[in-house]
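Asker: Protein chains in written order, with the working numbering: chain A, 1 to 301; chain B, 302 to 602.
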């Protein structure tokens, strides 16, 4: 079924111990769509400026991604991010950021997207996420990401959003910040009280945890990667495969969500094997299935 | 089958955000034996001084633990450790340590322990670990722990030990230090080349990983604990249940080792629920089995 994503398209410059990738394609909606398109048709929504050097339709050639919601603003500039990863490769250091179009009005939801059944709201101001979700008519399952600056500066807006989405997908630091609890199990209980039925906490190389309001729990280690080239986009790729699998199967019971988490974990493990979306663009669905089987054998007892 | 452990008996004073436990029973051999005794008979080996206030035979009443190898030195003092845990509860800060008997000659292996088939060498000087293992006649499976000061200061001794033991059980920081690799998968490959057929890396609240020389891998999250009272002894309890299960089953194939890791994870999750060995001493084997089933449901997809 139809899967809508709204998020950023970025011109990224990324420096890691393995090298530098200048002005490469990035952004949450891009990583998300690349991973999700292995599973389900994607409706893409985002804004770029006149300086955007990427032809997204070519990049996504052969994938079922609808770009009706891609807006090009001829008097604006594209979102740019410069970041670097050091020894640990665990956390990106933002060296420079130009919000550009992201600081302007958000894109408008095309009328043909209004019937989207599955919605992912990538990280942006929570008031915009709420507004966008409000334009979708009868979604079955919606999920949102957020980050430290909104938890800090727009907590009331975020609390409104949390009453509207089915799932929140954040990292461990964000979960601690939002709940004011250090222990992640306690943190999860507090966040679920704020609204969402499902909470997913991403822990980078330590894997992920999923909690439901009815007390179900799931934990999955990350795929054991021996060569991490660029962690950028791992979280959005995770969310893309997670939502893509749900949209394809149409199933939202906890057992199905566990499988969706496993697909998310596998997509993230490919995303970090090269700069930008290069690795995700090069693999086939069979590669994903193969690694899912390996991950199962690595974690089953 | 017979499981031998050699390690410390400590008089611990532990401070956590939940309170202080003064002069309580601690030490690697104590935590190990408490967890292992749920599975197999344990042969205990360690030294205390005249000041030791604990009657280990009473503490372990009803458990099949042989104290023939417990030596009381009437002119010495017992090992003492003062530590504290702060916000993160992840890492102990050592506030004070008195090695006392641990800085003297090690205990001598009783003749009746020489035929031990399963051996755990808790953390101490690697030359002593090698010497002790050499006194056991035909062990089937031996495992050792170590720590940063030996990797730093006794690396050659440690390398000799690594050629003699079947398994090394260390934490993630120690694995990085020993291998000089940040990535744990690469670190594991390097350490396995040094000798052991099996490497287990403990990652605290992020669970554990197991690697074999023949390329097998296993990863298990920690049990999701919502109330950590005192993390002291979690690693030794993990090792105790791991070795106890192996000694009981007599099976050392990788699939059986996976189950052993799961039991280790469960034992650790109980150990941290109270100070000293209070919680481990209070539970029954059925509690362990119950939590093992829960852990399986939390991780299976």
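Note that CB positions come from ideal geometry on N, CA and C, so glycine has one too.
In chain A, which residues lie less than 8 Å from residue 526 of chain B when you measure between Cβ atoms?
Answerer: Locating residue 526 of chain B in the second chain gives position 225, where the first residue counts as 1. In chain order: 183, 185.
Asker: Taking the alpha-carbon positions, what's the residue 117 of chain A to residue 1 of chain A distance?
Answerer: If you number the first chain from 1, residue 117 of chain A lands on position 117. If you number the first chain from 1, residue 1 of chain A lands on position 1. For residue 117 of chain A and residue 1 of chain A, the distance between alpha carbons rounds to 7 Å.
Asker: Expressed to the nearest angstrom, what Euclidean distance is found between the alpha-carbon atoms of residue 493 of chain B and residue 480 of chain B?
Answerer: As a position in the second chain, residue 493 of chain B is number 192, starting the count at 1. As a position in the second chain, residue 480 of chain B is number 179, starting the count at 1. Taking the straight line joining both Cα atoms gives about 10 Å.
Asker: Can you check which of these residues, A:248, A:279, A:219, is closest to residue 296 of chain A by C-alpha distance?
Answerer: Here residue 296 of chain A is taken as the residue at index 296 of the first chain, counted from 1. Closest by alpha carbon: A:219.
Asker: Does the distance from the C-beta atom of residue 49 of chain A to that of residue 88 of chain A stay below 8 Å?
Answerer: Here residue 49 of chain A corresponds to residue number 49 of the first chain, with the count starting at 1. Here residue 88 of chain A corresponds to residue number 88 of the first chain, with the count starting at 1. Going by C-beta atoms, residue 49 of chain A is not nearer than 8 Å to residue 88 of chain A.
Asker: Can you tell which of A:152, A:229, A:247, A:74 has its C-alpha closest to the C-alpha of residue 139 of chain A?
Answerer: Residue numbering aside, residue 139 of chain A sits at position 139 when the first chain is read from its first letter. Comparing Cα-Cα distances from residue 139 of chain A to each of A:152, A:229, A:247, A:74, the minimum goes to A:247.
Asker: At which residue ranges does the segment 479-559 of chain B contain complete beta strand (DSSP E) runs of 3 or more residues, listed in the order of the chain?
Answerer: Fully enclosed beta strand (DSSP E) runs of 3 or longer: 499-503, 509-513, 518-521.
Asker: Kindly indicate which three-state DSSP category residue 568 of chain B falls into: helix, strand or coil?
Answerer: Counted from its first residue, the second chain places residue 568 of chain B at position 267. Three-state result, residue 568 of chain B: helix.
Asker: Could you work out which residues of chain B lie near residue 87 of chain A, taking near to mean beta carbons separated by less than 8 Å?
Answerer: Against the first chain, residue 87 of chain A aligns to sequence position 87. Ordered by position in chain B, the residues that pass the 8 Å Cβ test against residue 87 of chain A are 483.
Asker: Check residue 390 of chain B in the structure and name its three-state DSSP category.
Answerer: Position 89 of the second chain holds residue 390 of chain B. Correct three-state label for residue 390 of chain B: coil.
Asker: Can you name, in chain order, every residue of its own chain whose Cβ lies under 6 Å from the Cβ of residue 263 of chain A, other than the five neighbours on each side?
Answerer: In the first chain, counting from the first residue as 1, residue 263 of chain A sits at position 263. Same-chain partners within the cutoff: 241, 245.
Asker: Between residue 128 of chain A and residue 110 of chain A, is the Cβ-Cβ spacing less than 8 Å?
Answerer: As a working note, residue 128 of chain A is residue 128 in the first chain. As a working note, residue 110 of chain A is residue 110 in the first chain. Contact flag unset, no.
Asker: Could you name the residues of the same chain whose beta carbon sits closer than 8 Å to that of residue 384 of chain B, not counting the 5 residues immediately before and after it, in chain order?
Answerer: In the second chain, residue 384 of chain B corresponds to position 83, counting from 1. Excluding residues within five positions, the ones whose Cβ falls inside 8 Å are 313, 314, 315, 316, 393, 394, 395, 396, 533.
Asker: Please compile the residues from chain A whose C-beta is within a distance smaller than 9 Å of the C-beta of residue 508 of chain B.
Answerer: On the second chain, position 207 is the one that residue 508 of chain B refers to. Near residue 508 of chain B (Cβ distances below 9 Å), the residues of chain A are 206, 207, 219, 221.
Asker: CB-CB under 8 Å to residue 104 of chain A, same chain, minus the five flanking residues each way: which ones, in chain order?
Answerer: For the purposes of this step, residue 104 of chain A is taken as the residue at position 104 of the first chain. Answer for residue 104 of chain A: 47, 73, 76, listed in chain order.
Asker: Would you check if the distance between the CB atom of residue 497 of chain B and the CB atom of residue 461 of chain B is smaller than 8 Å?
Answerer: Position 196 of the second chain holds residue 497 of chain B. Position 160 of the second chain holds residue 461 of chain B. No; because the gap between Cβ atoms is not below 8 Å, this pair is not in contact.
Asker: Under three-state DSSP, which class holds residue 13 of chain A?
Answerer: The residue given as residue 13 of chain A occupies position 13 in the first chain. In this structure, residue 13 of chain A counts as strand in the three-state DSSP scheme.
Asker: Keeping to the same chain, check which residues put their C-beta closer than 6 Å to that of residue 538 of chain B; ignore five residues upstream and five downstream.
Answerer: For the purposes of this step, residue 538 of chain B is taken as residue 237 along the second chain, with counting starting at 1. 332, 336, 568, 569, 572.
Asker: Which residue from A:199, A:3, A:265 puts its Cα closest to that of residue 288 of chain A?
Answerer: Walking along the first chain from the start, residue 288 of chain A turns up at place 288. If we check each option's Cα against that of residue 288 of chain A, A:265 comes out closest.
Asker: Whose CA, out of B:485, B:531, B:593, B:508, lies closest to the CA of residue 318 of chain B?
Answerer: As a first step, residue 318 of chain B must be located in the second chain, where it is residue number 17. The candidate whose alpha carbon is nearest that of residue 318 of chain B is B:531.
Asker: Between the C-alpha atoms of residue 282 of chain A and residue 153 of chain A, what's the straight-line distance to the nearest angstrom?
Answerer: Within the first chain, residue 282 of chain A is the residue found at index 282, counting from 1. Within the first chain, residue 153 of chain A is the residue found at index 153, counting from 1. In a straight line, the C-alpha of residue 282 of chain A is about 39 Å away from that of residue 153 of chain A.
Asker: Can you name the residues of chain A whose CB is closer than 8 Å to the CB of residue 599 of chain B?
Answerer: Taking the first residue of the second chain as position 1, residue 599 of chain B is located at position 298. Within 8 Å Cβ-Cβ: 217, 218, 219.
Asker: Does the Cβ of residue 304 of chain B have 16 or more other Cβ atoms within 10 Å, making it buried, or fewer, making it exposed?
Answerer: Along the second chain, one-based indexing puts residue 304 of chain B at 3. Classification for residue 304 of chain B: buried.
Asker: Could you spell out where the beta strand (DSSP E) holding residue 27 of chain A opens and where it closes?
Answerer: In the first chain, counting from the first residue as 1, residue 27 of chain A sits at position 27. First-last for residue 27 of chain A: undefined, no H or E at that position.
Asker: Rounded to whole angstroms, what is the Cα-Cα separation between residue 101 of chain A and residue 7 of chain A?
Answerer: In the first chain, counting from the first residue as 1, residue 101 of chain A sits at position 101. In the first chain, counting from the first residue as 1, residue 7 of chain A sits at position 7. So the two alpha carbons sit approximately 12 Å from each other.
Asker: 8 Å is my cut-off, CB to CB: does residue 248 of chain A come that close to chain B?
Answerer: Here residue 248 of chain A corresponds to residue number 248 of the first chain, with the count starting at 1. Residue 248 of chain A does not count as touching chain B.
Asker: Closer than 9 Å by beta-carbon distance: list the chain B residues that pair up with residue 259 of chain A, in chain order.
Answerer: For the purposes of this step, residue 259 of chain A is identified with residue 259 of the first chain, where counting begins at 1. Within chain B, the residues near residue 259 of chain A are 602.
Asker: For a contact defined as C-beta to C-beta under 8 Å, what are the partners of residue 504 of chain B on chain A?
Answerer: Within the second chain, residue 504 of chain B is the residue found at index 203, counting from 1. Simply 206.
Asker: Below 8 Å on C-beta distance, what does residue 262 of chain A contact in chain D?
Answerer: Looking at the structure shown, chain D is missing, and the protein chains on hand are A and B.
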